[in-house]
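To start, the structure itself, in structure tokens.
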Amino acid sequence: QIDRFNLVIDVIDRVPKLGSAAAHAKERMKNKIIECLTYAHEHGRDQAEIVNWRWLYERDCE
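Numbering of the sequence shown is given in my numbering, commencing with residue 187 and proceeding in unit increments.
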């Protein structure tokens, strides 16, 4: 899966220096995945924070 939460988890897993210091952040990302999936199943759509999310520096990507 590719989403911002799984990307954070992937970085944590691939950067050995983060170690246990990033365990809390990894757990938060896993909880956000569950929260978003639960919301989508209950409401039939993604949360507004997901739907309305934009790159902060959108013009730099053009």
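C-beta: ideal position from N, C-alpha, C; glycine also.
- Here the alpha carbons of His-229 and Asn-192 stand approximately 22 Å from one another.
- In this structure, the alpha-carbon of Leu-204 lies about 14 Å from that of Glu-213.
- Straight-line measurement puts the Cα of Ala-226 at about 26 Å from the Cα of Ile-198.
- Rounded to the nearest angstrom, the Cβ distance from Val-194 to Ala-207 is 14 Å, too far for a contact under 8 Å.
- In the structure shown, the three-state DSSP call for Val-194 is helix.
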